[in-house]
Amino acid sequence: MVSQEFVVLDTEGTPTLREVAVFNHRGQLLYEARTPQEGDYYAADLARSLPEILRQLNPLIMGKTIVAHNADHDRQILLNSYAEVGLAAPAMQFECTCDLARSLHFGLESYNLGYLCDVLEVSPEPFSRDQAHQAAYDARYTYYLYRTLRRSQLAKSLAAGPSPFSSSRVDTPFQHFADDQAVYKDEYQRLKSVLRSISLDPNRQSKGAVIIGEPGTGKTHLMMRLAQDVLRQNRLLFIRQPTQESTILFHTYSRILESLVEVVDTSPNNQLDLLLIRSIRRIFSEIPEDRQTVGDREILEALNEEDLSSLGREDTGARRQRWERIESRLLTWWADRYSVSGYSRQILQGILRFCRYTDPARRESCRRWLSSGELVPVDKELEGLSAWDSELLREEFSLQAIKILGELSCLDQPLIIVFDQLEGLWLEDNRPILLRFGEVVKELFTHVPNSLFILTLFPDRWQKFQQDFDGSIVDRVAQHTVYLQRPTVEQLEEILNLRLRPLNVGALDLFTAEDLAEITQQRSIRSSLNRANEFYAHRVQGVPLPAALPLLTPTGSSDANLANRVLYLEQQVQQLQTLIKKLLDSPVAGSTGISQEVRVEVIEAITHDPMTVSASNSPYAPEFHRYWSYQRRTLQECWSESRIINDSDDLGKLRQICQAFKQHKALEISALKLGRRVVPDNLVLSDQQGERCLAFLHLSNGNSILARLTNFNQLVLSHPKTTFILMRDRTVGDIRSPKASQALEAFRNGTGDGRRRTHYQVLSLEQRVDLELVHQLVSDINNRDLEIPMPDALNLLVRQEPQNWIVKLVARAESL
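Here the sequence shown is numbered in our numbering, starting from -14 and rising by one per residue.
Given below as structure tokens:
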């Protein structure tokens, strides 16, 4: 790394110093002086005696690298000057820009300062020969030259590596990015103070906090800091925006389960392990010593080590007895303090058994029961548990499970429950989800103790939140409000330095002062990092620097009537194009004297799609490509391991995608039902190409899946003009029930009007990533985490990802 402790110096005079100027590492003039000369026309305030100049120069150069052009000349002048006045010269370490230029740019015509500055274009202003040999002027251009040469040197060493600015956002609090803790230090301490007050409250009442900040100001980043700081003590649960009105509690519970299986630091434990270890340890510690058995003391010893493997090896009698003792003691403790009605007993058993087993098949069996209510036992791990996969039970079960987690945390430390990326709830199509979300938040505050509920919102969304909900909700949520303001220029520069630190490089080493000014004057941290990424590619890899993107208007501000009118006009144009092409292709066209050349020209004109041009020439194309490639890599890593999935959540994601595509094409969204009978979660897309019913079926339980398939087949029969596409994730495995398999085969053989209109698709990892990626794209734009207008993003997606199955299904009305 280029030392930040360098100065640039130029001297004039021979054999001793007549004039000197010193600039710091930021290109700021630190010192300028001249010895008095007869007839000197310079400003009198710069005149100093030689001894005075040298004494004032000492602290500026001592211990620093001195950069100079033809450094040996400047070194000798300084040594001569110190000797002249009888002062001891300090130790001086020089770096010569002339020598550096020779090593980097061999064979130039000249290496004098003016020539190099002009050839290498170190400054927008060309070097003036009329002002040369003035110390301040030469030192300034020596600074420009040095920075240019060092950037060239750095570019060669960094060119093969990735950009440290390629990621400009935090998706979840469980990620790890460089964190300048001086940014939002006071705001963070307020959150910690609220968390501390909950832990000290004897009543364990939950509290609320709202983090308010513009897009890209670092709200989720602040949650990451909280996770990295407190995850050893507290459990942090991260919930993104719900997508279905009827299953918001189930969605919240599912995301909580995903958070609980996040591993804590480098320990072997995930969050759920630690919650159980510490709560059960507290229960066993309350047993009087004279009533503790040998087994109790062995369990306590293992729990004190916070290592569940210390309870014994899988399938040994000792381990089985200890876990059975733990389960018995926990259920007794719960019954003594709380009601055992509902699913509370089974939820506790399910949690214990998930942590108890290490065998992957048994553990997955427990996970499926906890996350979906399905009973698919491998052995005896689900004994005593009953199915709860009915849609009617999902919300009730979910609320009970979240409440139990809150009660268990009373034996440990408060839960931190973060609702993030909520901005899309204020889209008009999501109004029912928004209103139900407010009710759910109120329920959680009422039923879940010992928790800090955090909502992150834009300022305008917070204003709307207060208008949409009554005081009973607003007052609980906003017990504490934390506003995030745009960081200072100095703080933004330090954030850049943190990103560059692993490369042993500083921001000033890599970027010009003009670069840094533009980077740090962006409207948010994310915008600054995105612009830094573009400058990095420009400086290091020679990529042309794109123009700064235009500012976007807030999502949802467009006129819906205007959008519908545009779609209507587009449909009319498409119909006219089709009619004209048919007319020109007909025999009548030839008989009217229209030449073949004219017909070809007209056909090309009417079939030309202006959106192809707009997509290829879009100023947002580079940002789209950067986002798309980064998110695909991230999601591939994320989904390569087992994740919690359910039909409702996937359908909600697909519905949000389809709602966004209504800005791209005329599209109607509905759903098929069969009275009160249960059918797979589905939605129907209607456009000029017809109707397509898209459904998910991830269940494995025999009875549940049989009923859904049987009823779905009835829908196929009763809707002969509709194409049906049934999707199933690869990770849930094959359908094992013989009767359900027969019902699936009947669906796959469905035909109508001589054409196949039923399609069954097992979603591969790549297809799963495609679904998550397009949904992430839509969500990030709605949440203004990605600053690309939705129409531009969808045009780019359709034109540049034509084989993406979401594009084929939704935009082109093709089968998978």
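We put the beta carbon where it would ideally sit given N, CA and C, even for glycine.
Item                                                                                                                       : Value
Interface flag, Thr202 vs chain B, CB-CB below 8 Å                                                                         : Considering every chain present, this structure includes no chain B. It has just one protein chain.
Identified DSSP bridge partners for Asp672                                                                                 : Gly675
Of the listed residues His236, Val795, Gly71, nearest to Asn631 (C-alpha basis)                                            : His236
Where the beta strand (DSSP E) containing Gln256 begins and where it ends                                                  : Premise fails: Gln256 lies in the alpha helix (DSSP H), 256 to 270, not in any beta strand (DSSP E).
Cut-off 7 Å between Cβ atoms - residues of its own chain near Ala725, not counting five sequence neighbours on either side : Gly687, Ile690, Leu691, Leu694
Cβ neighbour criterion (16 or more within 10 Å) applied to Lys49                                                           : buried
Glu653 - partner residues in DSSP beta bridges                                                                             : Ser671
Integer-rounded CB distance, given that Gly369 should sit under 8 Å from Gln406                                            : With 8 Å as the limit, Gln406 and Gly369 do not qualify as a contact, their Cβ atoms being about 38 Å apart.
Minimum length 3: unbroken beta strand (DSSP E) runs contained in the region 58 to 123                                     : 78 to 81
Pairwise C-alpha distance: Pro111 and Ala32                                                                                : 29 Å
Neighbourhood of Ser371 by C-beta distance below 8 Å, restricted to the same chain and skipping five residues each side    : Gln331, Leu360
Residues near Ala74 by beta carbon distance below 8 Å, same chain, minus five either side                                  : Leu63, Leu64, Tyr67, Ala68
Sequence-distant residues of its chain with Cβ nearer than 8 Å to Asp755 (five each side left out)                         : Asn789, Trp790, Ile791
For Leu711, the three-state DSSP class (helix, strand or coil)                                                             : strand
Three-state secondary structure (DSSP) of Asp30                                                                            : helix
Per-residue DSSP class, three states only, for Ser603                                                                      : coil
Sequence-distant residues of the same chain with beta carbon closer than 7 Å to Asn366, five excluded per side             : Note on identity: in this sequence residue 366 is Glu, with Asn being the wrong assignment. The residues are Arg338, Tyr342, Arg347, Ser350, Cys351.
Straight-line Cα distance separating Gln674 from Val763                                                                    : 24 Å
Closest residue to Ala680 among Lys638, Gly660, Ser703 (Cα-Cα distance)                                                    : Lys638
Straight-line Cα distance separating Leu750 from Asn289                                                                    : 40 Å
Close beta carbons around Ser137, own chain, < 6 Å, minus the five adjacent residues each side                             : Leu89
Status (buried if at least 16 other CB within 10 Å, exposed otherwise) for Asn489                                          : exposed
Selection from Gln616, Ile197, Glu309 that minimises the alpha carbon distance to Tyr173                                   : Ile197
Straight-line Cα distance separating Ile504 from Phe646                                                                    : 33 Å
Paired residues, beta bridge with Val52 - DSSP                                                                             : Val(-7), Glu80
Residues near Val433 by beta carbon distance below 8 Å, same chain, minus five either side                                 : Ser191, Ile387, Lys388, Leu390, Gly391, Leu400, Ile402
Close beta carbons around Arg217, own chain, < 7 Å, minus the five adjacent residues each side                             : Val249, Asp250
Three-state secondary structure assigned by DSSP to Ser749                                                                 : coil
Closest by C-alpha distance to Ser633, when choosing among Asp186, Lys650, Leu659, Asn667                                  : Asn667
Cα-Cα separation, Leu547 to Lys650                                                                                         : Its pLDDT being 47, under 50, Leu547 is placed unreliably by the model, and nothing is read from it.
Spatial neighbours of Arg87 in its chain, beta-carbon cut-off 7 Å, leaving aside the 5 residues before and after           : Tyr96
Run of the beta strand (DSSP E) containing Val195, from where it starts to where it stops                                  : 192 to 197
For Asp719 and Val598, the rounded distance between their alpha carbons                                                    : Note that Val598 scores 42 on pLDDT, short of 50, meaning its location in the model is unreliable; the coordinates nonetheless yield the value given after this. If you take the alpha carbons of Val598 and Asp719, they lie about 45 Å apart.
Closest Cα partner of Phe422 within the set Asp300, Arg484, Glu243, Gln229                                                 : Gln229
Pair within 8 Å by beta-carbon distance, Ala194 and Leu221                                                                 : no
For Ala18, three-class secondary structure by DSSP                                                                         : strand
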